[in-house]
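S.K.:
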Amino acid sequence: MLVNAIATPSPASLSITPRDRRFGRDTAAPRLWHGGRVEATAIYNALSTTFPKGEAFFVESVRAFRKDAPPKLAEEIKAFTTQEAIHSREHDAFNKRAERSGYDLSALEQRVEERLAITRGRSPIVSLAATMALEHFTAILAHQLLADPRHLAGAERETAELWRWHSVEEIEHKGVAYDTWLNATRHWPRWKRWKLKARVMLFVTRNFVVDRTAGALELMRQDGVTGLPAWAMLLRYLWVRPGMFRKIAGAWLKFFLPGFRPWNEDDRYLLAAYEASAGDGLQPERKVRRAV
Ligand SMILES: [Fe+2]
Ligand SMILES: [Fe+2]
41 MLVNAIATPS PASLSITPRD RRFGRDTAAP RLWHGGRVEA TAIYNALSTT
91 FPKGEAFFVE SVRAFRKDAP PKLAEEIKAF TTQEAIHSRE HDAFNKRAER
141 SGYDLSALEQ RVEERLAITR GRSPIVSLAA TMALEHFTAI LAHQLLADPR
191 HLAGAERETA ELWRWHSVEE IEHKGVAYDT WLNATRHWPR WKRWKLKARV
241 MLFVTRNFVV DRTAGALELM RQDGVTGLPA WAMLLRYLWV RPGMFRKIAG
291 AWLKFFLPGF RPWNEDDRYL LAAYEASAGD GLQPERKVRR AV
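See below:
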C-alpha cells in the first residue's frame, strides 16, 4: 500500500516554539547535583554527554529531506532545528560544568562519535530512520520525566529546570522526524518501511541501553563506586526505583504497532502543566495526570 500524504501529522493547533533559555550560568551546582546521588547524577550526565553531537546529527539527518517536505512540515523542521540547536548549546554548557567539577567525559564523548560515524557511513534514509527512532526514545523519556516528579526529586533546582525545559521541547517536536520519515518513504510499500524502522529501532535501543549504562558506570567509577555495588545501584535506579527504563517499556513497544504515530499519545497536557509553572522553578507536587 502506498501512502500519498502524512497519515497523522502533528495536531493542527500545535505550535513548536523554541524557548531560548539559559541554565546554570550564574549558579554553581554541586558535582553530585542529583540529590547527592552518584548513580542518578551519573546516568543524567551520561545522557547529557550524547546531546551536543547527537542532536546536531538529528538536525542534519532531518534537514537532508527538507526540500521534499510540504510547507507545514518544512516550517516544523525549521522550528525543530532551532530547538535542537539551543538544546545542544545548553547541554554543552552543562557538560562543561560537569568537567569543571572534575568528571572526565572524554571516553563517553568518543563513544558517541564512534556510533555517529558508523551511522553517517550508511545512506541518508538510514540516518533519518535512526533519528526518528531516537526521537521517539527521547519523547518517551521526556514524557516520563515530566509526568513523574520522582525522576528529578532532590535535584539541584536549576539543573532540574534544564531537564524539564528540554523534555517539554522534545515532546513538542516529537512528530517532526517521524513525519519527515513518512514523507520521505511515502512511495515505499508499508512492509518495507516497517521492516527498516523496526530493525533500526532495535539497533539504536541496544546501543542506547548498553552505551548509557557503560557511560554511567564509568562516571560512577570516577566517584569511587565500582564493581557489583555500582551495577546494583545503577540497575535499581534505572529499572526499579524510580525505574525510568521500566516505565518507558510500554511506550517503546507501541513504536512497533502498524498504526503508530508519535501523536497517537497526545501528551500536550504535560506541556500545559509546564507552562503553568514555568519560570518559577518549582517542581509540581504531584504526578501530572492527563487532563480529561
Ligand atoms: Fe533536544
Ligand atoms: Fe529532539
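Position in the sequence shown (first residue = 1) + 40 = the numbering used here.
Where is the CB? At the ideal position from N, CA and C, for every residue including glycine.
Quick caveat, the model's predicted, so the values are computed rather than measured.
#1: Does the Cβ of V280 have 16 or more other Cβ atoms within 10 Å, making it buried, or fewer, making it exposed?
#2: With a Cβ-Cβ cutoff of 8 Å, do S50 and D219 count as a contact?
#3: Can you look up A179 in the DSSP assignment and give me helix, strand or coil?
#4: In this structure, how does DSSP classify A195 when only helix, strand and coil are distinguished?
#5: So if DSSP puts H74 in a beta bridge, which residue, or which two residues, is it bridged to?
#6: Using 10 angstroms around the beta-carbon of A289, count the other beta-carbons present and answer buried if the total reaches 16, otherwise exposed.
#7: Specify the secondary structure class of L297 as computed by DSSP and reduced to three states.
#8: Mind checking whether V102 and L168 have CB atoms under 8 Å apart?
#9: Check whether the Cβ atoms of A170 and T159 sit closer than 8 Å, and answer yes or no.
#10: Between the C-alpha atoms of N247 and A86, what's the straight-line distance to the nearest angstrom?
#11: Check whether the Cβ atoms of T122 and P189 sit closer than 8 Å, and answer yes or no.
#12: Could you check how far apart the C-beta atoms of L181 and M284 are, in whole angstroms? I think they sit under 8 Å.
#13: Nearest to K294 by alpha carbon, out of W234, T81, D263, A68?
#14: Would you call the region 107-116 and the region 67-81 in contact, with 3 or more CB pairs under 8 Å?
#15: Kindly list the residues whose CB is nearer than 7 Å to the CB of L335, restricted to its own chain and excluding five residues on each side of it in sequence; keep chain order.
M.R.: The relevant details are as follows:
#1: By the 10 Å Cβ count, V280 comes out exposed.
#2: The Cβ atoms of S50 and D219 lie closer than 8 Å to each other.
#3: Looking at A179 - three-state DSSP - the assignment turns out to be helix.
#4: Strand, per DSSP.
#5: According to DSSP, which records beta bridges pairwise, H74 is partnered with A195.
#6: Looking at its Cβ environment, which holds fewer than 16 other Cβ atoms inside 10 Å, A289 is exposed.
#7: The answer is coil: DSSP assigns L297 none of H, G, I, E or B.
#8: Yes.
#9: In this structure, T159 lies closer than 8 Å to A170 by Cβ.
#10: Taking the Cα positions, N247 is about 13 Å away from A86.
#11: Against a cut-off of 8 Å, the Cβ pair of P189 and T122 comes out as no contact.
#12: Rounded, the Cβ-Cβ distance is 7 Å, consistent with contact.
#13: Distance from the Cα of K294 is smallest, within the candidate group W234, T81, D263, A68, for W234.
#14: Fewer than three Cβ pairs drawn from the region 107-116 and the region 67-81 lie within less than 8 Å of each other, which leaves the two stretches out of contact.
#15: No answer is possible for residue 335: the residues shown for the chain start at 41 and end at 332.
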